[in-house]
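Asker:
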Amino acid sequence: MKKLLLLAVLQSLYRIAYAVKTVKDTGLKPDAFSFIHLLRVVIQLTESKLKKKLEVFKSLGWSDEQLLNTIKNYPICLSYSEVNLRTKMEFYLNTMKFEREAVIATPVLMMLSLDNRIRPRYEVMNILGSKKLVKDGLKMIWVMEISEERFLKIYVTKHVDKVPGLLDMYCSIINQRKKTDRAKQLAS
Numbered sequence: 000m001k002k003l004l005l006l007a008v009l010q011s012l013y014r015i016a017y018a019v020k021t022v023k024d025t026g027l028k029p030d031a032f033s034f035i036h037l038l039r040v041v042i043q044l045t046e047s048k049l050k051k052k053l054e055v056f057k058s059l060g061w062s063d064e065q066l067l068n069t070i071k072n073y074p075i076c077l078s079y080s081e082v083n084l085r086t087k088m089e090f091y092l093n094t095m096k097f098e099r100e101a102v103i104a105t106p107v108l109m110m111l112s113l114d115n116r117i118r119p120r121y122e123v124m125n126i127l128g129s130k131k132l133v134k135d136g137l138k139m140i141w142v143m144e145i146s147e148e149r150f151l152k153i154y155v156t157k158h159v160d161k162v163p164g165l166l167d168m169y170c171s172i173i174n175q176r177k178k179t180d181r182a183k184q185l186a187s
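In numbering that gives the first Met the number 0, the protein residues as written are 0 to 187.
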């Protein structure tokens, strides 16, 4: 709340009015928990940037209704870059073979880190699948959503005897990505 007040003080009256109207137009009530979160995101975007973000989602397959539902429940999605959103959607559709409608129906997937969560889990599940250690028809979306603790318990530590080095492999993928990200930050 303090952040929102500070942001409001730094914005013009027009931008504040625009942000409040935009959020109200979603149908959210001002006393709703997500109203403040969406307001915080919208107040930081210019009208043109907001329109561009909405166009990106639509170009990825979201209908107006689905987009409205997504931003009401996961307003932070509007703060992600076009490259981030497109890269995630491409990975889900082309690599993981998810159906577009399944991704759209589970917008939390767009909030997950591709490098620190999705790819490492995908690699583990591929290894387990190749060794027939997971059931066919397993809901991969669910696997991506569960907590780290639960994922490790169900899919990694449970199978360390059958797949030596699985935990090390999983940790090294995550650590390598973090090191790469850190190196990129230091280089720029």
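Glycine is no exception: its CB is placed at the ideal position from the N, C-alpha and C atoms.
#1: So the alpha helix (DSSP H) I117 belongs to, where does it begin and stop?
#2: Taking Cβ to Cβ, would you say E122 is nearer than 8 Å to I172?
#3: Within 10 Å of its beta-carbon, does W141 have 16 or more other beta-carbons around it, so buried, or fewer, so exposed?
#4: Could you name each continuous alpha helix (DSSP H) segment of 4 residues or more that falls completely within the region 53 to 118, going from the start of the chain to the end?
#5: Please report the straight-line C-alpha distance between S146 and M110, rounded to a whole angstrom.
#6: Using only the alpha-carbon positions, how far apart do K130 and V40 sit?
#7: What is the rounded straight-line gap between the Cα of L77 and the Cα of L53?
#8: If you draw a straight line from the C-alpha of A104 to the C-alpha of K57, how long is it?
#9: Drop a sphere of 10 angstroms on the beta-carbon of A16, count the other beta-carbons inside from all chains shown, and report buried for 16 or more, exposed for fewer.
#10: For P163, count neighbouring Cβ atoms within 10 angstroms of its own Cβ and tell me buried if that reaches 16, exposed if not.
#11: Within a Cβ cutoff of 8 Å, which residues of the same chain sit near V22, ignoring the five residues on either side of it in sequence?
#12: For the candidate residues N72, K87, K50, whose alpha-carbon lies nearest to that of N115?
#13: If we count the other Cβ atoms within 10 Å of its Cβ and call it buried at 16 or more, is L27 buried or exposed?
#14: Can you name the start and end residues of the alpha helix (DSSP H) that H36 belongs to?
#15: What would DSSP say about G26, mapped onto helix, strand or coil?
#16: Going by the beta-carbon positions, is the gap between R118 and M143 smaller than 8 Å?
#17: Nearer than 7 Å: is that true of the beta carbon of T86 relative to any heavy atom of the ligand MG?
#18: Just to confirm the assignment, what range does the alpha helix (DSSP H) spanning I140 have?
Answerer: The relevant details are as follows:
#1: By 1-based counting over the sequence shown, the position of residue 117 is 118. Run containing I117: none; DSSP gives neither H nor E here.
#2: Taking the first residue of the sequence shown as position 1, residue 122 is located at position 123. Taking the first residue of the sequence shown as position 1, residue 172 is located at position 173. For E122 and I172, yes; Cβs fall inside 8 Å.
#3: Position 142 of the sequence shown, counting from 1, holds the residue named residue 141. So W141 ends up on the exposed side.
#4: Secondary structure remark: continuous alpha helix (DSSP H) runs of at least 4 residues inside the region 53 to 118, in chain order: 63 to 72, 81 to 89, 99 to 104.
#5: Numbered from its first residue, the sequence shown carries residue 146 at position 147. Numbered from its first residue, the sequence shown carries residue 110 at position 111. About 14 Å.
#6: Walking along the sequence shown from the start, residue 130 turns up at place 131. Walking along the sequence shown from the start, residue 40 turns up at place 41. Roughly 44 Å between the two C-alpha positions.
#7: Residue mapping note: residue 77 aligns to position 78 of the sequence shown, counting from 1. Residue mapping note: residue 53 aligns to position 54 of the sequence shown, counting from 1. Using only the alpha carbons, I get a separation of about 8 Å.
#8: Here the question's residue 104 lines up with position 105 in the sequence shown. Here the question's residue 57 lines up with position 58 in the sequence shown. Approximately 14 Å between the Cα atoms of the pair.
#9: On the sequence shown, position 17 is the one that residue 16 refers to. Classification of A16: exposed, given that the 10 Å Cβ count is below 16.
#10: Here residue 163 refers to the residue found at position 164 when the sequence shown is read from its first residue. So P163 ends up on the exposed side.
#11: If you number the sequence shown from 1, residue 22 lands on position 23. The residues are F34, L37, L38, V41.
#12: One-based indexing of the sequence shown puts residue 115 at position 116. K87 is the residue among N72, K87, K50 whose C-alpha sits nearest the C-alpha of N115.
#13: Here residue 27 corresponds to residue number 28 of the sequence shown, with the count starting at 1. So L27 counts as buried.
#14: Taking the sequence shown and counting its residues from 1, one reaches residue 36 at position 37. Run containing H36: 32 to 42, per the alpha helix (DSSP H) assignment.
#15: Here residue 26 corresponds to residue number 27 of the sequence shown, with the count starting at 1. It is coil, neither helix nor strand.
#16: Residue numbering aside, residue 118 sits at position 119 when the sequence shown is read from its first letter. Residue numbering aside, residue 143 sits at position 144 when the sequence shown is read from its first letter. Not closer than 8 Å, so no.
#17: Within the structure as shown, the ligand MG is missing, as the structure has no ligands at all.
#18: Along the sequence shown, one-based indexing puts residue 140 at 141. Bounds of the alpha helix (DSSP H) holding I140 are 139 to 144.
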